[in-house]
Amino acid sequence: MALESELVIPHSAQDIIKAYADRDFNEHLSKKVGAKLVSFEVVGPLEGPFEIITEQSMSAEKLPEIAKKVIKGEVSVHVTHSWGAPDAAGSRRADTAVKISSAPVSAQSAQNLHVRGATETLSTVRGDVNVSIPIVGKKIKAAAEPYMRKFVDLQAREVSAWISSRS
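Residue numbers (full-length UniProt numbering): 1 to 167.
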């Protein structure tokens, strides 16, 4: 696995889910990484299984140096988070698929929100990047993995701040 992260978020899993499914939060998070939220859709009720489908657009200049050598202009990133229904304790799991439309680059991850009381959730994320570019693919993958880790950490910090600012 290229990405393994465990972070405690000092909010309930339900509040985290509500923030993840909020268009304003997604616009905020996109801006934080230098992207523009192009489309956003929630399919299904948050109480059961549902999906969050987004598309962000960003300049290839935001990519790792090695990637900028083969990817130019604007990059569209399509993300689908498929959340399962909560278990009896309220914990949730999402399988996430990421596809870069202008490059043979994708990623998959699984995120679990483990309820640890009324106001604490352990977020675990495990994922991998796939790059199908001859010769430089492994170098792009190695450069992309730290970006994934930074994004996961940023998302956890930002969702916590977002929830706190609205409580």
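For every residue, glycine included, the Cβ atom is placed at its ideal position computed from N, Cα and C.
Per DSSP, residue i forms a beta bridge with which residues?
i           : result
residue 238 : In the structure as shown, the chain begins at 1 and stops at 167. Residue 238 is therefore absent and cannot be evaluated.
residue 26  : Looking at the DSSP assignment, residue 26 forms no beta bridge with any residue, so it has no partner.
residue 7   : 123
residue 36  : 57
residue 94  : 83 and 111
residue 51  : 43 and 82
residue 74  : 59
If you draw a straight line from the C-alpha of residue i to the C-alpha of residue j, how long is it?
i           : j           : result
residue 9   : residue 119 : 8 Å
residue 137 : residue 32  : 27 Å
residue 117 : residue 12  : 8 Å
residue 52  : residue 86  : 16 Å
residue 44  : residue 26  : 17 Å
residue 20  : residue 130 : 24 Å
residue 147 : residue 128 : 12 Å
residue 23  : residue 17  : 12 Å
residue 100 : residue 66  : 16 Å
residue 68  : residue 49  : 37 Å
Do residue j and residue i come within 7 Å of each other at the CB atom, strictly closer than that value?
i           : j           : result
residue 111 : residue 77  : no
residue 46  : residue 158 : no
residue 98  : residue 5   : no
residue 104 : residue 132 : yes
residue 140 : residue 15  : no
residue 113 : residue 92  : yes
residue 156 : residue 7   : yes
residue 58  : residue 34  : yes
residue 75  : residue 54  : no
Since I believe residue j is in contact with residue i (beta carbons under 8 Å), could you give me their beta-carbon distance rounded to a whole number of angstroms?
i          : j           : result
residue 60 : residue 71  : 5 Å
residue 3  : residue 160 : Incorrect: roughly 19 Å between the Cβ atoms, too far for contact.
Report buried or exposed for residue i, applying the criterion of at least 16 other Cβ atoms within 10 angstroms of its Cβ.
i           : result
residue 135 : exposed
residue 153 : exposed
residue 166 : exposed
residue 123 : buried
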